[in-house]
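Structure first, then comments.
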Amino acid sequence: MTQRVQALDALRGLAIFAMLLVNNPGSWQHVYAPLLHASWHGLTPTDLVFPGFIFVMGVTIAIQFPKAMATSSGRAALCLSALRRGAVLVLLGWLLYLFWFDFSAPQYSWLDARLATLRYFGVLQRLGLVYFLTIVVLCIVPARGIFYSAIALLIFYWLIMSFLPYQAATGEQFQGLWLHGNSLAAFVDNQLFGAQHLYYAKASPFAFDPEGLLSTIPAVSSCLFGVVAGRHALVVSGCSSRLLNIALAGICIGAAMSAWVPVNKALWTPTFVLITSGIMVYLLWGFMMLERRFQLFKPGNPLLVAGTNSIALYMLAGVLARLLLMVRINGETLKHWLYQPISQVISSPELASLCFALLFCGVCYLPLRWMYRRGIFWRV
1235 MTQRVQALDA LRGLAIFAML LVNNPGSWQH VYAPLLHASW HGLTPTDLVF PGFIFVMGVT
1295 IAIQFPKAMA TSSGRAALCL SALRRGAVLV LLGWLLYLFW FDFSAPQYSW LDARLATLRY
1355 FGVLQRLGLV YFLTIVVLCI VPARGIFYSA IALLIFYWLI MSFLPYQAAT GEQFQGLWLH
1415 GNSLAAFVDN QLFGAQHLYY AKASPFAFDP EGLLSTIPAV SSCLFGVVAG RHALVVSGCS
1475 SRLLNIALAG ICIGAAMSAW VPVNKALWTP TFVLITSGIM VYLLWGFMML ERRFQLFKPG
1535 NPLLVAGTNS IALYMLAGVL ARLLLMVRIN GETLKHWLYQ PISQVISSPE LASLCFALLF
1595 CGVCYLPLRW MYRRGIFWRV
């Protein structure tokens, strides 16, 4: 069991490092294609990072849930505890958004520019919502029904996205669209929260958020698939051929259905869930094999260091990335000032941009290493 948990921590570490890497290039104008999200429909390695992290969260829940049930005073108390943890993640996401000030603009108003436009949704906010809703499902549904619950949520999401009509302010009716700014998910975000609080505030005809309300439903499915995989791979008997075959079937079904239901991260489409969850099962199996045969993930391994303090690493990286843009030297951002020597030494713009991202990950890793050596683990 210890080897399996170490493999899981390492996989979580890989996911969080990948998240930092793709979010912090030296220049957004010079990024290798695999390190960019698909422009809309489609799938790149970068698109696997966030659903991968949610899947791993589900695997972790599979390990922790039986212990939590045994020690809690009931399912209601367990749901309340999950609500608290989810709320903390949401608050951390809001704090990251609010941690910004434009010192270069004399008339800049933080209240108007940040607080009044608080982005309700985001990465940490989605993690918090998905965590809470997953625990609720586990408290309601028997263990044998978790897989079918994940499928049912995907079918429900597909049905409402495909067949529920919605209307623009002009009176024009729409139905079954999966377009940028024109989907039922975008309509709901725009109607409930207002454009100023959404990531794609200028999308037309509807502003929306890629981590918005409706697309949280299939994101819960991603987490539930992680729970199912975790129970088979870590709690029961390892990644059996049956689990691997189901994962392969999910990938194939998702690919086959993509002609009708596009693979799309921003809308977290059912095909996106099936394909990414299937891939994550194989990655989990691969990491478990590496640990079993070669014992690669020994204490102190960088992936273990990151994986055992993933939220702390994400918060640290978020603060540092913002500081690099807020602090200015001779009119230039600190990020530009640090990136310039790298871009002058390395002739390839894409390679220079990647090297900056790698250095950024290395700098963020150092405090985590210090915390790991002293047994400091930040649990939300």
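In our numbering, the protein residues as written are 1235 to 1614. The beta-carbon is built from N, C-alpha and C at its ideal position, and this holds for glycine as well. In this text, all values refer to a predicted model and were calculated from it rather than measured experimentally.
Distance from Pro-1533 to Tyr-1599 at the Cβ level is roughly 16 Å; contact not present, criterion being Cβ atoms closer than 8 Å. Beta bridge pairing from DSSP links Tyr-1400 with Phe-1408. In the three-state scheme derived from DSSP, where H, G and I count as helix and E and B as strand, Glu-1525 is classed as helix.
A Cβ-Cβ separation of about 11 Å leaves Leu-1588 out of contact with Pro-1268 under the 8 Å criterion. Annotation: the continuous alpha helix (DSSP H) that includes Gln-1425 extends over 1418 to 1427. Here the C-alpha atom of Met-1514 lies approximately 6 Å from the C-alpha atom of Gly-1286. Shown here, Ile-1563 sits in a strand according to DSSP, grouped into three states.
The three-state reading of DSSP puts Leu-1413 in strand, counting E and B together. Beta-bridge partners assigned by DSSP to Phe-1442: Tyr-1434. For the pair Ala-1467 and Met-1522, the Cα-to-Cα distance works out to about 9 Å. In the structure shown, the three-state DSSP call for His-1570 is helix.
For a cut-off of 8 Å, the C-beta gap from Phe-1366 to Ala-1316 is around 5 Å, short enough to register as a contact. DSSP, reduced to helix, strand and coil, places Arg-1353 outside both helices and strands of the structure shown, so it counts as coil. Per the coordinates, the alpha-carbon of Val-1579 lies some 25 Å from the alpha-carbon of Ala-1252. The C-alpha of Gly-1428 lies about 19 Å from the C-alpha of Glu-1406. Remark: C-beta atoms of Trp-1392 and Ala-1453 do not approach each other more closely than 8 Å.
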